[in-house]
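Chemist: Provided herewith is a single structure, encoded as structure tokens, for subsequent inquiry.
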Ligand code: PA5
């Protein structure tokens, strides 16, 4: 991944850097890139089931989905499923696609009591026997889910207490299912390590990330919507993960009592240039845009050299590779935005579709979120707004009994 171009100005960032250096002593996600992966890989190798089912929501599934969706064609003969929503139709639709006799259920919940996850776990327990042969749990060591697992002798993997849900993708939460799917988790972590080292050793990514965070913060009252415009459908999951990471981490009241309004939007280039782009181009100037491109799709699918009757004037498309078409679409949109001169944008280019590059991208965004959070003086790692709804739901469900 490399940055092509930036609209942002560099200023002194020493104070924020020192805060982040201090913060990394007690916030666990910073050290995840350097963890030992032997146990995960050994466990992954022993998994015989062909259907791998992640049961979890939010930070317990979105990151895994993002990486898997990006790399899906590199997987082995296994199929990865996600059960997260309490929508009854969707849930049954998804379960119908699973060979229940040949499935490994990975129940993931840091708190161990999330209503969606436990409701699905209960439903699954009613349609099949969940035991040590077909289930594992990933949770905090003293959670109620951990007690459930122990009572059934189900193997558990830990989520460290100081790693927040939406920052947990590079813990067992993401690494275990991804390793089972045959993905190279060491390469993934290498991408994170390189960003970590570059940032903390004040090399390239120090100024890239600081510069971007600073611009966002300095202009947050005018440009309060942060759009990611990904020119690859492979980044659909990344977009969703970004929306959670940014929204749940930064949508807060800061220590001065000011509500922070930074609003994430995740779009897919080829599709959304037929919809949301209009709003970017001619709507209110309240958005920053980050375009993400893939330099090498490593795929030569080509528009065939054929003429279609009545459509001969589009024959200029003949023989164009789709990978070149999509990148030209990206470049044309970027040029159109550049021409307007009043929309702040930058471009991230991912070199290729592999573990290393998605690791780099996601760790960059984790760091960026922490730094923006630090600039705007909020607690990046809590989510009181989300908790409030959970408490009301629990009360109202209990009342109905
Ligand atoms: O980032 C967060 O903390 C949340 O999005 C959680 O990941 C989400 O609520 C799921 O929580 P849990 O893992 O406890 O089931």
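Residue numbers (this note's numbering): -17 to 383. Virtual Cβ for every residue (Gly too), placed ideally from N, Cα, C.
(1) Quick one: grab the DSSP three-state call for residue 256.
(2) Should residue 74 and residue 236 be called a contact, given that it needs their Cβ atoms to be closer than 8 Å?
(3) Would you identify the three-state DSSP class for residue 138, choosing helix, strand or coil?
(4) Specify the secondary structure class of residue 29 as computed by DSSP and reduced to three states.
(5) Give, in chain order, every unbroken run of the beta strand (DSSP E) that is at least 3 residues long and sits entirely within the region 320 to 348.
(6) Have a look at residue 323 and residue 258 and give me their C-alpha separation to the nearest angstrom.
(7) Going by DSSP, what residue range makes up the alpha helix (DSSP H) through residue 191?
(8) Taking Cβ to Cβ, would you say residue 246 is nearer than 8 Å to residue 219?
(9) Tell me the DSSP secondary structure of residue 64 in three-state form.
(10) Could you give the residue range of the alpha helix (DSSP H) that holds residue 159?
(11) Hey, is residue 278's beta-carbon within less than 8 Å of any beta-carbon in chain D?
(12) Hey, residue 125 and residue 101 are a contact pair by Cβ (cut 8 Å); roughly how many whole angstroms apart?
(13) Check residue 241 in the structure and name its three-state DSSP category.
(14) Is the beta carbon of residue 92 within less than 7 Å of some heavy atom of ligand 1?
(15) Going along the chain, which residues of its own chain have a beta-carbon closer than 7 Å to the beta-carbon of residue 166, five neighbours each way excluded?
(16) If you scan the region 268 to 308 from start to end, which runs of the beta strand (DSSP E) of 3 or more residues do you find wholly inside it?
(17) Rounded to whole angstroms, what's the CA-CA distance from residue 210 to residue 296? Just pull it up for me.
(18) Does DSSP classify residue 367 as helix, strand or coil?
(19) To the nearest angstrom, how far is the alpha carbon of residue 206 from that of residue 221?
(20) Compute the distance between the beta-carbons of residue 248 and residue 148, then report whether it is under 8 Å.
(21) When burial is assigned at 16 or more other CB atoms within 10 Å of the CB, is residue 254 buried or exposed?
(22) What residues match up with residue 85 in a beta bridge as DSSP calls it?
(23) Between residue 78 and ligand 1, is there a pair consisting of the residue's CB and a ligand heavy atom that are separated by less than 7 Å?
(24) Which ranges would you report for the beta strand (DSSP E) in the region 84 to 128 if only whole runs of at least 3 residues count?
(25) Are the CB atoms of residue 64 and residue 43 within a distance shorter than 8 Å?
(26) Tell me whether residue -4 sits in a helix, a strand or coil according to DSSP, three-state version.
(27) Can you tell me the Cα-Cα spacing of residue 179 and residue 200, whole angstroms?
(28) Classify residue 181: buried if its beta carbon has 16 or more other beta carbons within 10 angstroms, exposed otherwise.
(29) Thinking C-beta only, is residue 280 closer than 8 Å to residue 333?
(30) Measuring from the CB of residue 39, is there a heavy atom of ligand 1 at a distance below 7 Å?
(31) Measure the C-alpha to C-alpha separation of residue 145 and residue 298 and round it to an integer number of angstroms.
(32) Is residue 360 helix, strand or coil by DSSP?
(33) Pairing CB atoms from the region 15 to 31 with CB atoms from the region 183 to 203, are three or more of them under 8 Å?
(34) Considering only DSSP beta bridges, list what residue 210 is partnered with.
Modeler: Result, derived from the coordinates:
(1) Note: residue 256 maps to coil in three-state DSSP.
(2) At the C-beta level, residue 74 and residue 236 stay beyond 8 Å of one another.
(3) DSSP, reduced to helix, strand and coil, places residue 138 within a strand of the structure shown.
(4) It is coil, neither helix nor strand.
(5) As for any beta strand (DSSP E) of minimum length 3 sitting wholly inside the region 320 to 348, the runs are 327 to 334, ordered along the chain.
(6) In this model, residue 323 and residue 258 are separated by some 19 Å (Cα to Cα).
(7) In the DSSP assignment, residue 191 falls within the unbroken alpha helix (DSSP H) covering 186 to 200.
(8) Taking a C-beta distance under 8 Å as the contact criterion, residue 246 and residue 219 do not qualify as a contact pair.
(9) It is a strand residue.
(10) Going by DSSP, residue 159 is part of the alpha helix (DSSP H) stretching over 154 to 162.
(11) Among the chains in the structure shown there is no chain D, since it carries only a single protein chain.
(12) With a Cβ gap of about 16 Å, residue 125 and residue 101 do not count as contacting.
(13) Reduced to three states, the DSSP call for residue 241 is strand.
(14) Look at residue 92: its beta carbon is less than 7 Å from one of the heavy atoms in ligand 1.
(15) These residues qualify, in order along the chain: 337.
(16) Counting only runs of at least 3 residues, the region 268 to 308 fully encloses the following beta strand (DSSP E) elements, listed from N- to C-terminal order: 269 to 278.
(17) About 30 Å.
(18) In the structure shown, residue 367 sits in a helix (DSSP, three-state: H, G or I).
(19) In a straight line, the C-alpha of residue 206 is about 17 Å away from that of residue 221.
(20) Taking 8 Å as the Cβ cut-off, residue 248 and residue 148 do not qualify as a contacting pair.
(21) Counting of Cβ neighbours within 10 angstroms places residue 254 among the buried residues, the total reaching 16 or more.
(22) Beta-bridge pairing by DSSP links residue 85 to 33.
(23) False, no ligand heavy atom lies under 7 Å from that Cβ.
(24) DSSP runs (the beta strand (DSSP E)) wholly in the region 84 to 128: 85 to 91, 117 to 121.
(25) A contact, by the Cβ cut-off of 8 Å.
(26) In this structure, residue -4 counts as helix in the three-state DSSP scheme.
(27) Going by the C-alpha atoms only, they are around 26 Å apart.
(28) The residue is buried, with at least 16 neighbouring Cβ atoms inside 10 Å.
(29) In this structure, residue 333 keeps its C-beta atom at 8 Å or more from the C-beta atom of residue 280.
(30) Distances from the CB of residue 39 to the heavy atoms of ligand 1 include at least one below 7 Å.
(31) Distance from the CA atom of residue 145 to the CA atom of residue 298, rounded to whole angstroms, is 52 Å.
(32) Taken through DSSP and simplified to helix, strand or coil, residue 360 comes out as coil.
(33) Between the region 15 to 31 and the region 183 to 203 there are fewer than three C-beta pairs closer than 8 Å, too few to call the two in contact.
(34) Looking at the DSSP output, residue 210 bridges to 248, 272.
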